[in-house]
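Under my numbering, read the sequence shown as residues 1 to 170, first letter to last.
From the three backbone atoms N, C-alpha and C, an ideal C-beta is built for every residue, glycine too.
Computed from a predicted structure; not experimentally measured.
Only one structure is covered here, and it is reproduced in the block below.
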Amino acid sequence: MSGTSRSGRKKIPASMKEMKGTLRPCRENKDAPKPGKASILEPPAHLSPVAAEEYKRKAELLDRLGVFKEGDDVALAAYADAYARWVNAVELYNKTGPLVKDKKGNPARNPIGYAINNAVDTMYRFLTEFGLTPASRTRIKVDAKPTENEWEMFSSGDLANAETQNQKLQ
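The structure is reproduced here in structure tokens:
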């Protein structure tokens with residue numbers, strides 16, 4: 001046998017497929033758990049101040065986008081931790097420079113560069129999962145906010161909504 005049950009493309013949650021416009025209900029697991037909206041946007045206590053600040057910024061953004069759900073806090077905390085490691089490594093790299101001296105005194109590539117690249121790779125993977133990179137964002141379809149038109153509501157048979165909208169306008 002070639003492959004395992006985990007080989008191949010990663011499964012995409014139905015909510016992401018719905019945003020992308022590629023959802024086919026007949027192919028979805030009807031019994032899949034449906035997480036609710038995240039209720040707490042505060043960062044975990046174990047995060048550093050830099051990571052906690054990034055966690056708050058991204059949690060608010062993901063909440064506004066309607067993407068932040070129950071259980072996503074761990075992935076967001078891991079992203080925020082990678083972000084803090086990246087910030088710290090870049091600050092140290094800027095102080096020491098791209099080249100350092102090795103044990104023999106010869107110039108060598110600064111090993112902090114590897115830490116920077118590792119943190120960036122980790123951040124990128126999490127940002128892609130949340131749909132926050134330019135490429136992953138283009139695959140997400142967000143419905144445009146409909147304009148309230150009284151004639152369209154009347155012709156669609158939604159008279160109750162038309163009357164409510166009319167009262168709001170007066």
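Selection from the options that minimises the alpha carbon distance to residue i
i, options, result
"residue 49", "112, 81, 135", "81"
"residue 72", "111, 96, 95, 127", "127"
"residue 54", "76, 106, 46", "76"
"residue 16", "96, 66, 125, 74", "66"
"residue 44", "78, 29, 14, 30", "78"
Neighbourhood of residue i by C-beta distance below 8 Å, restricted to the same chain and skipping five residues each side
i, result
"residue 41", "56, 59, 60, 63, 68"
"residue 116", "86, 89, 90, 93"
"residue 7", "none"
Between the CA atoms of residue j and residue i - distance to the nearest angstrom
i, j, result
"residue 23", "residue 123", "27 Å"
"residue 100", "residue 119", "21 Å"
"residue 130", "residue 107", "40 Å"
"residue 18", "residue 46", "34 Å"
"residue 111", "residue 104", "16 Å"
"residue 26", "residue 9", "19 Å"
"residue 143", "residue 125", "Per-residue confidence for residue 143 stands at a pLDDT of 46, beneath the threshold of 50, marking its modelled position as unreliable; no derived number is given."
"residue 121", "residue 14", "26 Å"
"residue 132", "residue 114", "24 Å"
Short Cβ contact (8 Å threshold) for residue i with residue j
i, j, result
"residue 83", "residue 51", "yes"
"residue 97", "residue 70", "no"
Cut-off 7 Å between Cβ atoms - residues of its own chain near residue i, not counting five sequence neighbours on either side
i, result
"residue 12", "none"
"residue 102", "108"
Cβ shell of residue i (< 6 Å), same chain only, five flanking positions each side left out
i, result
"residue 136", "128"
List in chain order: all unbroken beta strand (DSSP E) runs of 3+ residues lying wholly within the region 52-119.
-> 99-101, 107-109
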